[in-house]
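Undergrad: Residue numbers (our numbering), protein chains in the order written: chain A, 116 to 393; chain B, 37 to 444.
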Amino acid sequence: MSASSLPLYTTSLQRIAHWALVFFCVAVLLFLIAPVLVVVPLAFNNEPYFRFPIEIYSLRWFKELFTNPVWLQAILNSLLTATLATLLATTLGTLAAVGLNHHNLPGKRFLMAVLISPMIVPVVVLAVGSYLFFSRLGIANNLLGIVLVHAVLGMPFVVITVTATLGGFDMNLMRAARGLGASQLEAFRRIMLPLVWPGVLSGALFAFATSFDEVVVVLFLGGPEQTTLPRQMWTGLREQLSPTILSAAFMLILFAIAMLLTLEMLRRRSVAMRGLVE
Amino acid sequence: MDSEANLSQRLRKAERRGQLRAYALIAPLFIFVALSFLIPLGTVLLNSFYDPVVPSGLPRTVRALADWNGPRDQIPPEPVYAALAQDLKEAVQAEKHGSIANRLNVEESGLRTVFMRAARRVSAQEDGPWAPFFEAADPGWAQPGIWGTIRNLASPTHSLFYLSALDAKRNQDGSVGPQPEDQRIHITIYLRTLGVALTVTLMCILLGFPLAYLLAHLRDKTANLLLILVLLPFWTSLLVRTTAWMVVLQKEGVINSLLQALHLISEPLPLVFNRFGVVVAMTHILLPFMVLPMYSVMRQIPVSYVRAARSLGAGPLTAFIRVYLPQCIPGLGAGALLVFILALGYYITPALLGGSTDQMISYFVETNMSRSLNWGLASALAAILLGAVLVLYAAYDRLVGANNLKLG
């Protein structure tokens with residue numbers, strides 16, 4: 116809203132208030148984006164310092180990130196864990212969301228509240244609990260335990276996005292498919308899935324990002340071999356602030372930008388598809 | 037009539053089949069959630085009051101003490117010592133004596149030595165009398181104290197961990213009293229956790245409300261563009277943002293060097309490893325959770341209401357407070373409650389950006405788990421935190437509906 120769009124009858128006091136608001140909001144937005152603005156240039160600093168001004172720019176720390184076997188292993192571990200957790204969360208979450216879409220399901224609200232609760236339960240509590248329980252089952256200190264808990268943490272996002280997408284899905288399409296001779300499974304695969312996949316995919320992205328960023332569960336359940344990227348960063352931050360952390364941070368910011376763009380694309384796609392349906 | 041009844045019956049049947057199919061689709065996820073979420077949380081609750089180390093490690097002693105049931109200021113008679121000797125021999129054989137000694141030591145420091153001295157000698161001794169044997173091993177066995185502790189731990193379920201989490205303890209004479217001064221830390225931690233969470237929530241309201249208001253009143257295109265600035269940090273890794281704040285706030289960090297270059301300060305300000313750093317970073321991380329629900333509610337408030345109020349004679353302030361603000365309450369409440377719930381359980385950010393007096397409950401759950409090895413106390417603290425969060429979550433579900441928990 117530029118000043119010209121303010122109505123003519125605004126008093127000067129209101130004008131001042133308006134510009135004060137704009138100024139304040141610019142400051143808040145700067146606050147929000149500041150960390151990103153600070154990390155990006157420093158990641159290219161040739162010197163191992165975290166201060167401005169930067170005299171020589173270089174890719175030195177990126178080279179370190181992608182050649183040091185410790186960091187490389189951490190990146191691979193993170194990708195593996197997040198991929199497995201995402202597959203598990205997305206498959207189970209999508210199926211459940213289809214079930215939860217049923218128009219008359221007793222206990223639906225309670226089920227939904229339980230399935231979404233992993234988002235708000237403090238992750239330390241879950242980490243302690245899974246450590247206590249999984250060590251009895253013998254799956255603490257390895258990848259399987261981490262994957263299971265990460266899948267639980269990512270699953271609510273899948274359930275939420277897929278149920279939201281299904282909310283705009285016209286169930287008559289399924290009835291039509293069935294009436295034309297398709298089996299239940301075929302109707303799901305050829306009619307429902309193509310129309311809800313943007314929701315499924317954005318849920319999967321959320322789940323992937325959740326696992327990719329998670330460190331507390333890894334600290335409790337991970338053996339010495341499960342050094343994921345966040346765990347490596349955590350260790351670095353606690354012991355010695357190495358500049359490689361900033362290059363890793365830069366890569367994660369790129370990852371966040373890619374996520375944001377993909378999600379926006381999926382959202383538009385989903386809206387367009389639903390426009391087609393309605 | 038007959039066919040009509042038949043039809044409604046068939047409809048009901050079809051309906052039930054549909055419901056069953058829906059439940060069948062949900063079942064795999066529910067089983068998975070039960071196994072890797074609900075049971076682990078249940079294990080935390082169980083561990084907070086179930087503690088069988090002493091009754092399963094010293095079963096005869098516990099029984100003999102119950103049979104004797106003498107006053108707490110006396111030492112037990114010979115049969116109890118004999119039972120203990122028997123238990124101790126078995127415990128040493130099974131190498132369980134160390135964990136029993138540790139368990140006693142958690143209740144009363146110093147008891148580990150007393151217990152281990154007897155355990156080390158008991159295998160060499162064939163027969164009694166046992167009371168003098170134990171007294172010779174360590175004079176502590178001739179005091180009523182250690183017997184009181186064993187009696188406090190005699191039942192496999194007890195409330196000692198919760199007492200400890202509330203800065204109280206059961207004394208050796210059986211009475212409940214306060215912990216020694218240097219261990220009376222938990223109430224302070226709860227208050228601190230609440231204080232930090234409240235401060236962060238207030239900061240989020242203070243910064244988030246004007247921003248959401250402005251975004252809601254901008255043209256869609258501009259608003260969407262500016263929303264990217266809210267969403268990008270939201271999607272950026274938590275550790276990246278914590279790292280960034282460390283870089284910005286530290287002694288030689290961006291802010292301090294800037295202020296020093298401008299000659300506004302001569303000494304660097306202490307901005308990090310204290311409460312300030314924790315609140316700034318947590319506000320930054322949680323602000324999107326405030327802005328997004330508030331923005332979506334504010335965008336749906338019709339402008340005409342405020343205009344109507346103005347044309348009916350209300351001043352701009354009155355119209356804002358009495359007409360606009362009440363309509364924002366759902367978004368404001370949802371955002372504030374969510375921020376508060378999430379802030380209560382924070383661990384990473386205070387651990388990295390706070391000093392030793394800025395740590396919240398989660399941190400003490402972690403240290404009791406991995407450093408003090410007092411898993412029972414860790415579980416009791418975790419259970420208290422979980423309880424608080426679940427009560428607030430139930431309120432959230434009531435007010436907003438859990439499935440409206442939209443993030444981005």
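We treat Cβ as the ideally placed atom computed from N, Cα and C, and that holds for glycine.
Bear in mind that the values here come from a model prediction, so they are computed numbers and not experimental data.
How far does the alpha helix (DSSP H) with Pro180 (chain B) in it reach, from first residue to last?
TA: It spans Pro180 to Asn188 - the alpha helix (DSSP H) in which Pro180 (chain B) sits, taken as one unbroken run.
Undergrad: Say whether chain A places a C-beta atom closer than 9 Å to the C-beta of Gly19 (chain B).
TA: Any question about residue 19 (chain B) goes unanswered here, given that chain B covers just 37 to 444.
Undergrad: Does the CB of Asp256 (chain B) have a neighbour CB from chain A at under 9 Å?
TA: No, Asp256 (chain B) does not count as interfacial toward chain A.
Undergrad: Just verifying my parser: in three-state terms, what is the DSSP assignment at Asn287 (chain A)?
TA: helix
Undergrad: Would Pro313 (chain A) pass as an interface residue toward chain B - the criterion being a Cβ-Cβ separation below 9 Å?
TA: no
Undergrad: Would you list the one or two residues that DSSP bridges to Pro214 (chain B)?
TA: B:Ala204
Undergrad: Name the chain A residues whose beta carbon is nearer than 7 Å to that of Glu402 (chain B)?
TA: Val239
Undergrad: Within 8 Å, do at least three Cβ pairs link the stretch 416–429 of chain B to the stretch 195–203 of chain B?
TA: yes
Undergrad: Any contact between the stretch 282–291 of chain A and the stretch 232–239 of chain A? By contact I mean 3 or more CB pairs, one from each, below 8 Å.
TA: no
Undergrad: Under a three-way DSSP split, which group does Asn257 (chain A) fall into?
TA: In this structure, Asn257 (chain A) counts as coil in the three-state DSSP scheme.
Undergrad: Going by C-alpha to C-alpha distance, which of A:Val267, A:Ala371 and A:Trp134 sits closest to Pro246 (chain B)?
TA: For Pro246 (chain B), the nearest C-alpha among the options comes from A:Trp134.
Undergrad: Let me know the secondary structure DSSP gives Tyr246 (chain A) once reduced to three states.
TA: helix
Undergrad: Less than 9 Å between CB atoms is the rule here; does Tyr172 (chain A) satisfy it with respect to chain B?
TA: no
Undergrad: Please report the straight-line C-alpha distance between Thr280 (chain A) and Ser385 (chain A), rounded to a whole angstrom.
TA: Approximately 8 Å, taken between the alpha carbons.
Undergrad: Quick check: Leu373 (chain B) and Leu435 (chain B), are their CB atoms within less than 9 Å of each other?
TA: yes
Undergrad: Within this structure, are the beta carbons of Phe376 (chain B) and Leu428 (chain B) separated by less than 9 Å?
TA: yes
Undergrad: Going by Cα to Cα distance, which pick from B:Ser145, B:Pro366 and B:Thr185 is closest to Pro216 (chain B)?
TA: B:Ser145
Undergrad: Nearest by alpha-carbon distance to Glu170 (chain A): which of A:Asn161, A:Phe181 and A:Leu336 is it?
TA: A:Asn161
Undergrad: Taking C-beta pairs closer than 8 Å, name the residues in chain A that Leu243 (chain B) reaches, listed in chain order.
TA: Those within 8 Å of Leu243 (chain B) in chain A are Val143 and Phe146.
Undergrad: So for Phe376 (chain B), helix, strand or coil by DSSP?
TA: DSSP places Phe376 (chain B) in helix when its eight states are reduced to three.
Undergrad: State buried or exposed for Ser119 (chain A), treating a residue as buried only when at least 16 other CB atoms are found within 10 Å of its CB.
TA: Only weak support exists for where Ser119 (chain A) lies, its pLDDT of 43 falling under 50; the value from the coordinates is given anyway. Exposed, since its Cβ has fewer than 16 Cβ neighbours within 10 Å.
Undergrad: Residues in the same chain with beta-carbon distance under 7 Å from Ala100 (chain B), minus the five sequence neighbours each way, listed in chain order, please.
TA: Pro115, Val116 and Ala119
Undergrad: With 16 as the cutoff for other CB atoms within 10 Å, does Pro165 (chain B) come out buried or exposed?
TA: Pro165 (chain B) should be labelled exposed.
Undergrad: Taking the Cβ atom as the reference point for each residue, do Ala371 (chain A) and Ser273 (chain B) lie within a distance shorter than 9 Å?
TA: yes
Undergrad: If contacts are defined as beta-carbon pairs under 8 Å, then Val153 (chain A) and Val283 (chain B) qualify, I think. What distance do you get, rounded to the angstrom?
TA: 6 Å
Undergrad: Whole angstroms are fine: how far does the CA of Leu323 (chain B) sit from the CA of Pro168 (chain A)?
TA: 29 Å
Undergrad: Using the three-state DSSP reduction, which class does Asn101 (chain A) fall into: helix, strand or coil?
TA: Residue 101 (chain A) lies beyond the residue range present for chain A, which begins at 116 and ends at 393; the question has no answer from this structure.
Undergrad: Can the beta-carbon of Leu61 (chain B) be found closer than 9 Å to that of Val143 (chain A)?
TA: no
Undergrad: In chain B, which residues lie with their C-beta within 8 Å of the C-beta of Gly208 (chain A)?
TA: Here the neighbours are Leu65.
Undergrad: Mind listing, in chain order, the continuous alpha helix (DSSP H) runs of no fewer than 4 residues lying wholly within the stretch 305–382 of chain B?
TA: 311–334, 339–347, 352–355 and 361–380
Undergrad: Leu353 (chain B): beta carbon under 8 Å from a heavy atom of the ligand NAD?
TA: With respect to the ligand NAD, the structure offers nothing, as it holds no ligand at all.
Undergrad: What residues are listed by DSSP as bridge partners for Thr279 (chain B)?
TA: Bridge partners of Thr279 (chain B): none, in fact.
Undergrad: Does the Cβ-Cβ distance between His320 (chain B) and Trp281 (chain B) come in under 9 Å?
TA: Less than 9 Å separates the beta-carbon of His320 (chain B) from that of Trp281 (chain B).
Undergrad: Report the neighbours of Ala189 (chain A) on chain B: residues whose CB is nearer than 8 Å to its CB, in chain order.
TA: Listed along chain B, no residue sits closer than 8 Å to Ala189 (chain A) by beta-carbon distance, the nearest being about 12 Å off.
Undergrad: So the alpha helix (DSSP H) Phe335 (chain A) belongs to, where does it begin and stop?
TA: Val331 to Leu336
Undergrad: In chain order, what residues of the same chain have a beta carbon less than 7 Å from the beta carbon of Ala369 (chain B), not counting five sequence neighbours either side?
TA: First, the amino acid is wrong: residue 369 (chain B) is Gly here, not Ala. These residues qualify, in order along the chain: Leu435.
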